[in-house]
Each structure stands twice: as C-alpha cells, then as structure tokens.
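Step one of this worksheet: look at the structure below.
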Amino acid sequence: MRGPAVVPRDPRRPELRTARERFDDLALGIVTDIDDRWQDRLGLVEYAVEDAPQIPDDWDSGTVPLSSLIRGSGADPTRLVLFRRPIEHRCETRTDLEAMVLTVVVEQVAELLGIDAELVDPRYESDDD
Numbered sequence: 004m005r006g007p008a009v010v011p012r013d014p015r016r017p018e019l020r021t022a023r024e025r026f027d028d029l030a031l032g033i034v035t036d037i038d039d040r041w042q043d044r045l046g047l048v049e050y051a052v053e054d055a056p057q058i059p060d061d062w063d064s065g066t067v068p069l070s071s072l073i074r075g076s077g078a079d080p081t082r083l084v085l086f087r088r089p090i091e092h093r094c095e096t097r098t099d100l101e102a103m104v105l106t107v108v109v110e111q112v113a114e115l116l117g118i119d120a121e122l123v124d125p126r127y128e129s130d131d132d
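Take a look at the structure:
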C-alpha cells in the first residue's frame, strides 16, 4: 500500500503528528515547567532541539551526547540544545522518553545553577538511588 493510511482533512498538513513534533511538544512542556520555576536564577536561556549533534571525525568517546550546554556571556544567552535522535534511541516507551528528556534538562539546569539535580525538579530520579 502506498500513501498515507489516514487521509488528512487539510491536504497541506499531515493528519498525524511526526515524531519530531511529538518530541518538540514533550521537550517544550518540560522546559517551560523548569524554566518557570528557576527563571529568576537562570536568566536568559535559549532552548532548542536538533536531530543529532555534529560529531567531529576524531571523536573517541563511545557515546553520543544527548545535549549541549553553551554558557552565555554578556548579551549572548545561554543555549541548551537537546539532541532528539540520540535521546529517542535510548528509549523504548513514551514513559522512558519523558523520563529521559526530564533527566537531561534537569541535569543541565542543575549544572547551570550549580546545585544538585534533585533540587531542580521533584520528579527527577538519579541513577544512584
């Protein structure tokens, strides 16, 4: 069978949301909640989602990064980028994906704030438990 299994009501837009759109919505919800809670201490932070990181040819680590954190300086904001494909690759279910995105965002925000990740969000569970 060729073509969509569901005929879209609007021919300019697919009826079903893409994996990228679903991931963006999930990330936006988590980031918004955490950013609202810590905005007074975080300052200006830009959040973004990219499909995958650009890895140099001489990369010798056995793992692919899940995110990137670039601290801002002066007028340049801090930038936190989530890498969708490596995160999705490590998850089997939607619940796993939600937990992984929450973990990555919380750990990066904790790094920015210089506090323990457990303090950033009550839903965070460290691997040490």
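Start counting at 1 in the sequence shown, then tack on 3, and there's your number in the numbering used here.
Heads up, the beta-carbon is just placed ideally off N, CA and C, and yes, glycines get one too.
Simplified DSSP state of residue i, which is helix, strand or coil
| i | result |
| --- | --- |
| L72 | strand |
| D36 | helix |
| R25 | helix |
| W62 | coil |
| V67 | coil |
| D43 | helix |
Identity of the residues DSSP links to residue i by a beta bridge
| i | result |
| --- | --- |
| E53 | F86 |
| V48 | T81 |
Proximal residues to residue i (C-beta, below 6 Å), its chain only, five neighbours per side dropped
| i | result |
| --- | --- |
| A30 | V52, L85, V104 |
| V123 | V109, V112, A113 |
| P56 | P68, F86 |
Spatial neighbours of residue i in its chain, beta-carbon cut-off 7 Å, leaving aside the 5 residues before and after
| i | result |
| --- | --- |
| Q111 | S70, L72, L83 |
| V34 | Y50, V108 |
| E101 | L29 |
Same chain, Cβ closer than 8 Å to residue i, neighbours up to 5 away in sequence not counted
| i | result |
| --- | --- |
| E114 | L72 |
| S129 | A120, E121 |
Residue i beta carbon near the ligand PLP (any heavy atom closer than 6 Å)
| i | result |
| --- | --- |
| V67 | Here there are no bound small molecules, and the ligand PLP is not part of this structure. |
Whole-Å CB distance - residue i paired with residue j, under 8 Å assumed
| i | j | result |
| --- | --- | --- |
| D38 | L45 | 7 Å |
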